[in-house]
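Heads up: the structure comes next, in structure tokens.
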Amino acid sequence: MSRGVVVDANVAVKLFIPEDLSEIAERLFRDLEQDGWHRVFVPDLFYSECTNIFWKHIWRFGLPLDRAQRGLGGLRRLELCQVPSTGLMRSSLELALEYGISAYDAFYVALAQDFSLPLITADRKLIGKLEGSGTEL
9 MSRGVVVDAN
19 VAVKLFIPED
29 LSEIAERLFR
39 DLEQDGWHRV
49 FVPDLFYSEC
59 TNIFWKHIWR
69 FGLPLDRAQR
79 GLGGLRRLEL
89 CQVPSTGLMR
99 SSLELALEYG
109 ISAYDAFYVA
119 LAQDFSLPLI
129 TADRKLIGKL
139 EGSGTEL
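Heads up: the sequence shown is residues 9 to 145, going by my numbering.
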């Protein structure tokens, strides 16, 4: 049986924008690629979230547009298993309400729970709110 992980957008973007924890994100993806048997799952809203993160870095921190465009291209080349968010909507809403997290974050949590996979995130607030939830982080 193949194993995998669910990766939050904030981790994947660190591959293309040097910031806190970027080296760890690079090592994670390198290790997953070398293992070969790990699959990386994301809800289909992942790409919208990544685009928003690049937009934020352009506006807040002056990231050059061409660098953001290259990052978006790099994300498209990652071998990710997209899962339709439509099947996660009900559980995402319930999780968002139960743990006081955004619905966007709840999609990643719901996916991890539905597939019994660990969630890889760099969001410390989310990690704190999910303590005791049964979600492997």
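Yeah, the Cβ is synthetic: ideal placement off N, Cα and C, and Gly gets one too.
In three-state DSSP terms, what is residue i?
i	result
L88	strand
I25	coil
S10	With a pLDDT of 47 at S10, under the threshold of 50, the modelled position of this residue cannot be trusted; read the value that follows with caution. Reduced to three states, the DSSP call for S10 is coil.
L127	strand
T94	helix
Q31	Note that residue 31 is Glu in the sequence shown, not Gln. In this structure, E31 counts as helix in the three-state DSSP scheme.
E139	coil
Near residue i, which residues of its chain fall below 6 Å by C-beta distance, leaving aside the five closest residues on each side in sequence?
i	result
D16	Y116 and T129
G82	F24
C58	A17, V21 and L83
Can you tell me the Cα-Cα spacing of residue i and residue j, whole angstroms?
i	j	result
A33	G142	23 Å
V14	E31	18 Å
E27	V19	11 Å
From the DSSP output, read off the bridge partner residues of residue i.
i	result
F49	V14 and C89
I'd like the list of long-range same chain contacts for residue i, defined as Cβ closer than 8 Å, with 5 residues on each side in sequence excluded.
i	result
D52	Q90, V91, P92 and S93
Decide yes or no for the touch test of the stretch 98-115 against the stretch 136-143: beta carbon pairs closer than 8 Å, at least 3 of them.
yes
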